[in-house]
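Each residue of the sequence shown is one higher than the one before, starting from 166 at the first, in our numbering.
By construction, the Cβ of each residue, glycine as well, lies at the ideal position given by its N, Cα and C atoms.
Step one of this worksheet: look at the structure below.
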Amino acid sequence: MSELYEKYAGDLRRARSEQRELRAAIPGFVAQLDDIEAEITYLLVREHRPETVLEIGSLHGWSTTWLLRALRDNGTGRLYTHDLVDKARANVPTDLADGRWTFVRGDARKTLANHRHKIDYLFVDAAHTRRFARWYVAELFPTVAPGVPVSVHDVFHSTRPWLFSEGRVVLSWLARRGIGYFTASRAASPALNRRLVELKASLRMDEQVHEGGHNPMLFFKMS
Ligand SMILES: C[S@@+](CC[C@H](N)C(=O)[O-])C[C@H]1O[C@@H](n2cnc3c(N)ncnc32)[C@H](O)[C@@H]1O
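See below:
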């Protein structure tokens, strides 16, 4: 991950400052992704150059705008966002959205039933329940090709996901298939978290964009 921070440092610095300005300009903007996990998401999208990114769970559009900035900086790719609530559309700047973003309102379990996307990046930050996770591991994951990067938020708030959580369902699914994963979570992966905090300081990216520091996102490659 350090190489990607270095490789895309200039663009990432710009994306960080745009995100900071966006949030400051919109009173009451609720943003969930912490900085390191949002930046890793940005970097993975830059590196993999997906044509189709699927996002489930945008809320006010924080992860959405991070993803869209990565697609803009790639100069290619489209984002499809599914959410029960239509709050992001008011916040996503037109120049980011135009020609690049489709918002679908509704329960992803219905709006994505029999979907026809060829998913090149999957981002999940929706209902953090076992039931929801059981749906997407059973119905959505099989539609994602091997090699595609996947991220799931709110898994590692502590060293292990909570017993009755979405995270446990996903980790069991990964374990059954022998699929590895990583996280930059401060609790679950403190050494990587510290390394990235230090690297960011050396790259002049230590000013916080978002105040959270847990970075509980799980990242893996479908196989
Ligand atoms: C934690 S928020 C997303 C935060 C956002 N990713 C961010 O970075 O700020 C979870 C979102 O998932 C949506 N959601 C929950 N269950 C859903 C479902 N079954 N289908 C679609 N969206 C759902 C909620 O409406 C909410 O906006």
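Of the choices the options, whose alpha-carbon is the least far from that of residue i?
i: E304; options: F329, L169, R325, L277; result: L277
i: P307; options: R296, R342, R295, F321; result: R342
i: V311; options: Y173, K386, R211; result: Here residue 311 is Pro; the residue named in the question, Val, does not match the sequence. Closest by alpha carbon: K386.
Kindly give me the distance between the Cβ atoms of residue i and residue j, rounded to whole angstroms, as I take these residues to be in contact under 8 Å.
i: T229; j: V257; result: 6 Å
i: E151; j: N380; result: Given a span of 166 to 388 for the chain in the structure shown, any question on residue 151 remains unanswerable.
i: T206; j: R243; result: Going by Cβ atoms, the distance from T206 to R243 rounds to 16 Å, so no, they are not a contact pair.
i: V425; j: V335; result: Nothing can be reported for residue 425: it is not among the residues displayed for the chain, which extend from 166 to 388.
i: A253; j: L224; result: 7 Å
i: Y346; j: F384; result: 6 Å
i: D272; j: P215; result: Incorrect: roughly 24 Å between the Cβ atoms, too far for contact.
i: Q197; j: D290; result: 7 Å
Please state the DSSP three-state secondary structure of residue i.
i: E220; result: strand
i: S316; result: strand
i: T206; result: helix
i: W327; result: coil
i: L198; result: coil
i: D285; result: coil
i: L249; result: coil
i: T267; result: strand
i: T294; result: coil
i: L244; result: strand
i: F306; result: helix
i: Y173; result: coil
Using the Cβ count rule (16 or more neighbours within 10 Å means buried), how would you classify residue i?
i: G332; result: buried
i: L328; result: exposed
i: V195; result: exposed
i: Q373; result: exposed
i: S316; result: buried
Mind checking whether the beta-carbon of residue i lies closer than 7 Å to any heavy atom of ligand 1?
i: W327; result: no
i: S223; result: yes
i: W266; result: no
i: R274; result: yes
i: L305; result: no
i: H247; result: yes
i: S228; result: yes
i: F384; result: no
i: D290; result: yes
i: V362; result: no
i: V250; result: yes
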